[in-house]
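Report on one structure; see the data block that follows.
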Amino acid sequence: MLSKEIDVDTLRLTDKLVYIIGPLKLQNEMMASLIEEETEIKCLLVEDVHHIPGLDDKEIVQHKLILWDCLGKDAEICLAELEQFDRKILDRAFVAFFNVIPGIQFEEEAVAQGVRGFFYEQDPFERFPKGVRAIFEGELWVSRKILTKFFLETRREDRISISKETLLTSREIEIMAMISIGANNEEIADKLFISPNTVKTHIYNIFKKIDVPNRLQAALWAAKHL
11 MLSKEIDVDT LRLTDKLVYI IGPLKLQNEM MASLIEEETE IKCLLVEDVH HIPGLDDKEI
71 VQHKLILWDC LGKDAEICLA ELEQFDRKIL DRAFVAFFNV IPGIQFEEEA VAQGVRGFFY
131 EQDPFERFPK GVRAIFEGEL WVSRKILTKF FLETRREDRI SISKETLLTS REIEIMAMIS
191 IGANNEEIAD KLFISPNTVK THIYNIFKKI DVPNRLQAAL WAAKHL
């Protein structure tokens, strides 16, 4: 039995949940089945975000991931669909687009709005469980090429002196730069020749200094200020 038939009211609010929004029922059922099997995270098929409970509850921490189908849509339509709903959704749930057309070059704008990741038309189903895990662990499921472009194209006039404003150390600035291009803790540790635990400590201090809750917001902060 697919989890789409589960009564969501019986699930604890602390449980992670994936909501799949899209018109292709068979595709979505197959995707939900694979994600559940590989991650043990419940997946529910819904018609739109209005059928997702708890998005209006300010006390709920992000434990939901919305997979939004962009099949056959261009960049403007995908972003417009997201913008027509309350922007608070991005504060209370993770959002990732799937069936994205390669090369339409809207990822930078979507990331700036808070989208967590992208799955492309040609991506095999096997990529979804890995991406879902990464997003729930606070990472961006975005290519480094896209993140680097997003970082470099941020307007220079919007940047400030981070050493004066936030008192970040030179090491913390190095780590922030790597976070902004999607590096995980192990990659940062290898690059800087420090332990993963030291990286975690630095990241905790960075988040506290710049007042952000996760890597996505840290990456967006870095893109504006570094």
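Just so you know, the numbering used here puts 39 at position 29 of the sequence shown, and the rest follows in order with no gaps. Positions of the beta carbon are idealized from the N, C-alpha and C atoms, including for glycine. Remember, it's a predicted structure, so these values are computed and weren't measured experimentally.
Beta-bridge partners of D79 (DSSP): F108.
Bounds of any alpha helix (DSSP H) do not take in G32, whose DSSP letter is neither H nor E. Here the stretch 97-107 makes no contact with the stretch 39-57; the two share fewer than three CB pairs at distances below 8 Å. Between I45 and F128, the gap from beta carbon to beta carbon reaches 7 Å or more.
DSSP lists F107 as the beta-bridge partner residues of F128.
Cβ contact annotation for G124 (same chain, cutoff 6 Å, sequence separation greater than five): L100, in chain order. Taking one beta carbon from each stretch, the stretch 103-111 and the stretch 75-91 have 3 or more pairs nearer than 8 Å; the two touch.
Bounds of the beta strand (DSSP E) holding K52 are 52-56.
Secondary structure note for G141: its alpha helix (DSSP H) is the uninterrupted segment 137-146. The three-state reading of DSSP puts K74 in strand, counting E and B together.
Around the CB of L34, fewer than 16 other CB atoms lie within 10 Å, so the residue is classed as exposed. By the neighbour-count definition (other C-beta atoms within 10 Å, threshold 16), I87 is an exposed residue. Minimum Cα-Cα distance from F217 among the listed residues Q132, E197, I204, L177 corresponds to L177. Counting along the chain, the unbroken alpha helix (DSSP H) around P206 starts and ends at 206-220.
Taking the CA atoms as reference points, M186 sits about 22 Å from G141. Burial is judged here by how many other beta carbons sit within 10 angstroms of a residue's own beta carbon; S180 has fewer than 16 and is exposed. Bridge partners of W151 according to DSSP: G127.
Per DSSP, reduced to three states, the secondary structure at L27 is strand. Rounded to whole angstroms, the separation of the alpha carbons of A228 and S190 is 7 Å.
Distances from the CA of V56 to each of L65, A42, Y29 were compared; the closest alpha carbon is that of Y29.
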